[in-house]
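Dropping the structure here:
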């Protein structure tokens, strides 16, 4: 009974402050899954069982692919798809956060080489890797990332690091790591922009090159005047400060039309392209760039 209470307390702490958690069958199943994930994680890293899918960030007029976001994918042999946040939590709990980050950056570097070898137009665009607040606080992310880029012979300008708002203004050590990455040529991207108290301050950070407007502001954009006003303000402020602005989570043509009218030049979402394995993304890009067939007569 005491062990069940301990597990419930641990889960409540993991999911946020000022929460309670009842130990029931659903929690018991989640905990069993978590234990399997923690046990199998290192082997999955070493065997390259954890892969990367890619989602394009595009110009809002659809004319070009601006960059790619690398999204971690682990299809566990017993539990199926494991959410990235659960993988990161398991990595921190088992002491393999650094090997996991090295592996993900290495996978992206290998993907870049594959794009080059295939002559893909995507070889010219940067790729963003997500780094969690936990990873940024606990790991020498700058050394890990820059070391892997050097090992694989990849120019730092080809990589972006995607962080959340709170990370952009976190501890002195974190800011030092971000400055080191930026100075080397790695662009810093702030994800989920607008939902935190530090949004405006993060825009002023000297190392932030791009912000991604949170999906909650894009939802129902075509029918929500308040959301439209907020998005317009973010776009205009970003432009004034020389920061690129991306609208993420675009799922309808109506949302895309409003974003175009507001001057938001970069967009990402299922309406434009879904995440997919690299071969599928390269095939998609090749089909987009293929010349149209000549018309008869």
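Residue numbers (the UniProt record's numbering): 1 to 297.
Just so you know, even glycine gets a beta-carbon here, dropped at the ideal spot from N, CA and C.
These numbers come from a predicted model, not from an experiment.
Secondary structure within the stretch 196-262: the beta strand (DSSP E) runs of 3 or more consecutive residues, fully enclosed, are 208-213, 244-248 (chain order). Only residues of its own chain outside the window of five on either side were considered, and among them 260 have a CB closer than 8 Å to the CB of residue 61, listed in chain order. In the DSSP annotation of this structure, the continuous segment of the alpha helix (DSSP H) that includes residue 89 starts and ends at 84-94. Across the structure, residue 49 and residue 233 are spaced so that their CA atoms are roughly 43 Å apart. For a cut-off of 8 Å, the C-beta gap from residue 115 to residue 128 is around 15 Å, too long to register as a contact. Note: residue 129 is bridge-paired with 70, 161 in the DSSP secondary-structure output.
By the criterion of a C-beta distance shorter than 8 Å, residue 87 is surrounded in its chain by 37, 41, 50, 72, 74, 100, once the five residues flanking it on both sides are discounted. Going by beta carbons, residue 181 and residue 211 fall outside the 8 Å limit. For residue 105, the CB contacts under 8 Å within the same chain, skipping 5 residues up- and downstream, are 129, 144, 145, 148, 149, 159 in chain order. At least 8 Å separates the beta-carbon of residue 91 from that of residue 83. Restricting attention to alpha helix (DSSP H) runs no shorter than 4 residues, the stretch 171-200 encloses them at 172-184, ordered along the chain. Taking 8 Å as the cut-off, the beta carbon of residue 245 is found no closer than this to the beta carbon of residue 218. Shown here, residue 137 sits in a helix according to DSSP, grouped into three states. With a contact defined as Cβ atoms closer than 8 Å, residue 103 and residue 45 qualify at about 5 Å.
For residue 99, there is no enclosing beta strand (DSSP E); the residue is found in the alpha helix (DSSP H) stretching over 97-118.
With contacts defined by Cβ atoms closer than 8 Å, residue 235 and residue 262 form a contacting pair.
By the criterion of a C-beta distance shorter than 6 Å, residue 167 is surrounded in its chain by 133, 136, once the five residues flanking it on both sides are discounted. With distances taken between CA atoms, residue 270 lies nearest to 56 out of 52, 32, 56. The beta carbon of residue 243 sits closer than 7 Å to those of 203, 208, 209, 210, 211, all from its chain and outside the five residues before and after it, given in chain order. Put simply, of 253, 110, 288 the residue whose alpha carbon is nearest the alpha carbon of residue 153 is 110.
The beta carbon of residue 205 sits closer than 6 Å to those of 168, all from its chain and outside the five residues before and after it, given in chain order.
Around the C-beta of residue 171, fewer than 16 other C-beta atoms lie within 10 Å, and the residue is accordingly described as exposed. Looking at 177, 121, 47, 195, the one whose alpha-carbon comes closest to that of residue 140 is 177. For residue 54, DSSP records a beta bridge to 70, 276.
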